[in-house]
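S.K.: Going down the list, the protein sequences come from chains A and B. Residues 163 to 273, numbered by my numbering, are exactly what the first sequence covers, in order. Residues 3 to 116, numbered by my numbering, are exactly what the second sequence covers, in order. Have a look at this one before I ask anything.
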Amino acid sequence: EAGVVQSPRYKIIEKKQPVAFWCNPISGHNTLYWYRQNLGQGPELLIRYENEEAVDDSQLPKDRFSAERLKGVDSTLKIQPAELGDSAVYLCASGYHYEQYFGPGTRLTVT
Amino acid sequence: AQSVTQLGSHVSVSEGALVLLRCNYSSSVPPYLFWYVQYPNQGLQLLLKYTSAATLVKGINGFEAEFKKSETSFHLTKPSAHMSDAAEYFCAVSDGGSQGNLIFGKGTKLSVKP
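This is the structure in structure tokens:
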């Protein structure tokens, strides 16, 4: 069984530039999560999807972050414009019941 | 509100020694508790979970954890450390039972000395 796939694995951009991250969850998992993990910290939830619906986006900074999950499968997280403080690892996870399975993450560096 | 506190940001043990990573939680509902491991440049991998069944939970790679409601603790143990156990470990609590979001602790980095 294939795991959660994320791309790119690494991204370096200048501040004020846009960036997008892509996630393909485990087949059959209806729940999809985006987390941000700052250096030396645990992951923090940005947004949670149930199928196509964003059921919890209370922690998503909506002035610059956006996300979509078309057809309830793949998802894209976008930042526009990026700020220095956005440097972090962005993790995607898919879930079944109460278990979450994480992808390898995208390490974003904003210079 | 749910929260998790992991005591000790760094733990160092010798190979073959007991591993003990501490986790205390706060939850307003019966908790669902998890331990995840993260190797460098990788995502998080589920080690074990507590979902209100047996209080002693066995996971992968020889790890286990005991749920103690009176102490609001869910400490992770392994009888004998291997070099391959060196990684970062995260304790997490669900904020809404089986359908909730995970609230993670800040993590404990485990080093294993030869």
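For every residue, glycine included, the Cβ atom is placed at its ideal position computed from N, Cα and C. Please read these numbers as outputs of a predicted model, since none were measured by experiment.
Jot down the residue ranges of each uninterrupted alpha helix (DSSP H) in the region 208-242 of chain A, minimum 4 residues, whole runs only, in chain order.
M.R.: Within the region 208-242 of chain A, no complete alpha helix (DSSP H) run reaches 4 residues.
S.K.: Leaving out five residues before and five after B/Ala-89 in sequence, what residues of the same chain have Cβ atoms less than 7 Å from its Cβ?
M.R.: So the qualifying residues of the chain are Val-39, Gln-40, Tyr-41, Leu-112.
S.K.: Going along chain B in order, which residues have a C-beta closer than 9 Å to the C-beta of A/Glu-261?
M.R.: Under the 9 Å cutoff, chain B gives Phe-36, Leu-48, Lys-51.
S.K.: Where DSSP assigns a beta bridge to B/Glu-73, which residues make up the other side?
M.R.: In DSSP, B/Glu-73 forms no bridge with anything.
S.K.: Run through chain A and tell me which residues come within less than 8 Å of B/Gln-4, C-beta to C-beta.
M.R.: Those within 8 Å of B/Gln-4 in chain A number zero; the least Cβ separation is about 12 Å.
S.K.: What three-state label does DSSP hand A/Asn-186 in the structure shown?
M.R.: Reduced to three states, the DSSP call for A/Asn-186 is strand.
S.K.: Could you name the residues of the same chain whose beta carbon sits closer than 8 Å to that of B/Asn-103, not counting the 5 residues immediately before and after it, in chain order?
M.R.: Hits under 8 Å: Ser-96, Asp-97.
S.K.: Does the separation of the CB atoms of A/Ala-250 and A/Leu-194 fall below 9 Å?
M.R.: No; because the gap between Cβ atoms is not below 9 Å, this pair is not in contact.
S.K.: So B/Gly-109 contacts chain A; which residues on that side make the cut at Cβ distance below 8 Å?
M.R.: Under the 8 Å cutoff, chain A gives Gly-202, Gln-203, Gly-204.
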